[in-house]
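Residue numbers (the numbering used here): 11 to 274. Ideal Cβ placement from N, Cα and C applies to all residues, glycine included. Okay, structure first, notes after.
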Amino acid sequence: MEIVDYVAGEKEKLKNEINRLEIKPFFVIIQINEDEGSNIYIKGKIKDAGEVGIEVEHIKLPLDIKEKEVIDKIEELNKDPKVNGIIVQLPVPEHINEEHIKGAISPEKDIDGFNPFSKFIPCTPKGILDYLDEEGIEIEGKNTLVIGRSSIVGKPMARELLKRNGNVTVLHSKTKREDMERYVASADLIVVATGHKYLLDHTFTYKEDATVVDVGITRIDGKIYGDCEPGLPVKLQTPVPKGVGLLTRLSLLKNVMEAYYHEF
11 MEIVDYVAGE KEKLKNEINR LEIKPFFVII QINEDEGSNI YIKGKIKDAG EVGIEVEHIK
71 LPLDIKEKEV IDKIEELNKD PKVNGIIVQL PVPEHINEEH IKGAISPEKD IDGFNPFSKF
131 IPCTPKGILD YLDEEGIEIE GKNTLVIGRS SIVGKPMARE LLKRNGNVTV LHSKTKREDM
191 ERYVASADLI VVATGHKYLL DHTFTYKEDA TVVDVGITRI DGKIYGDCEP GLPVKLQTPV
251 PKGVGLLTRL SLLKNVMEAY YHEF
């Protein structure tokens, strides 16, 4: 099933479920930047939530706010029973420690899954796994390859694949080309999250029944490119755009619902 169709169907299920609830799920987005990318992401999150009936509050804090004041605000939201989830939109100003902010969010309300003790799977790995399940892609005992080791995608993706009993290998910017070729050729599932245009292309050898999940996005002259060249000779390759980004946004809504049922 195309990702666009899968996401539309899942959102319709969520909408029907939320319509039956007397008290609607509610989450808060805190923003402490003037980043245009952040503005776009927040607008998308609010739009998605509105489509299924989830309520959102967007709190924009001044750039010169003190770290303690941000943490105090998060603590206030942690204690508010009406708030099911909390997001701090990254990046934050340089004088604020990002890890302190992530750690301040209650694990029960950390719907981004960034707190080490969060109750939630980070949205991108969760979205990928849910879609693989929908497509009947097996992980247990399979050779799974993660290219990229970011704390948002690569590392949590590897952890989740290990939980599913995959044989997990993580490659990164220091991996030699010849080694990458060897790992790619033997992989049943490849998740690429580097932000390098067409890192994987037709010069590599792939298993015919392999699955390639393309997470990376690169913008060049107004056009969007993935980490993988389109049309690789594999069984399934996710598109860019209209691919993993949609799955990530869907997973945020699902995490809000998990947080909601924890509260009520």
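| Check | Outcome |
| --- | --- |
| Which word fits Pro166, buried or exposed, when buried means at least 16 other C-beta atoms lie within 10 angstroms of its C-beta? | buried |
| Quick check: the Cα distance between Ile121 and Val66, rounded to an integer number of angstroms? | 13 angstroms |
| Please go through the same chain and pick out, in chain order, the residues whose beta-carbon is closer than 6 angstroms to the beta-carbon of Ile200, but skip the five residues on each side of it. | Leu155, Val222 |
| Contact check, Pro132 vs Ile162 under 8 angstroms by CB: the rounded distance? | 6 angstroms |
| Within a Cβ cutoff of 7 angstroms, which residues of the same chain sit near Leu262, ignoring the five residues on either side of it in sequence? | Lys55, Ile121, Cys133 |
| With a threshold of 7 angstroms, establish whether the CB of Thr228 neighbours any heavy atom of the ligand SAM. | The ligand content of the structure shown is nil, which means the ligand SAM is not present either. |
| Using 10 angstroms around the beta-carbon of Phe8, count the other beta-carbons present and answer buried if the total reaches 16, otherwise exposed. | Because the chain is modelled from 11 through 274, residue 8 falls outside the range shown and cannot be assessed. |
| Where does Leu71 sit, in a helix, a strand or coil, going by DSSP? | coil |
| Tell me whether the stretch 71-82 and the stretch 20-35 touch, counting them as touching only if at least three CB pairs, one residue from each stretch, are closer than 8 angstroms. | no |
| By DSSP, does Asp82 sit in helix, in strand, or in coil? | helix |
| Quick check on Ile234: does DSSP put it in helix, strand or coil? | strand |
| State the Cα-Cα distance for the pair Arg275 and Val178, rounded to the nearest angstrom. | Residue 275 is absent from the structure shown; the chain starts at 11 and stops at 274. |
| Could you check which residue in His68, Val98, Thr228, Gly63 has the C-alpha nearest to that of Glu27? | Gly63 |
| Label Pro251 either buried or exposed according to how many other C-beta atoms from any shown protein chain fall within 10 Å of its C-beta, with 16 as the threshold for buried. | exposed |
| In the stretch 179-239, which residue ranges form an unbroken alpha helix (DSSP H) of at least 4 residues, counting only runs that do not cross its ends? | 187-196 |
| Within the same chain, show all residues whose beta-carbon is closer than 8 angstroms to that of Ile111, passing over the 5 residues directly before and after it, in chain order. | Glu77, Val80, Ile81, Ile84, Val98, Val102 |
| Within the chosen definition, does the stretch 221-240 reach the stretch 190-205 through at least 3 CB pairs nearer than 8 angstroms? | yes |
| Assign Asn107 to one of two classes, buried (16 or more other C-beta atoms within 10 Å of its C-beta) or exposed (fewer than that). | exposed |
| Measure the alpha-carbon distance for Phe274 versus Asn265 and round it to whole angstroms. | Residue confidence is low: Phe274 scores 46 on pLDDT, short of 50, so the model does not pin down where it sits. No coordinate-derived value is stated. |
| Name the residue from Ile157, Asp189, Val93, Asn153 whose alpha carbon lies nearest to the alpha carbon of Arg174. | Asn153 |
| Inspect the beta-carbon positions of Val17 and Leu260 and report whether they are closer than 8 angstroms. | yes |
| Starting from Ile39, trace the beta strand (DSSP E) in both directions and tell me its first and last residue. | 36-41 |
| Going straight from the alpha carbon of Ala219 to that of Leu171, what length do you get? | Note that residue 219 is Asp in the sequence shown, not Ala. Going by the C-alpha atoms only, they are around 18 angstroms apart. |
| In angstroms, rounded to a whole number, what distance separates the CA positions of Gly241 and Leu210? | 11 angstroms |
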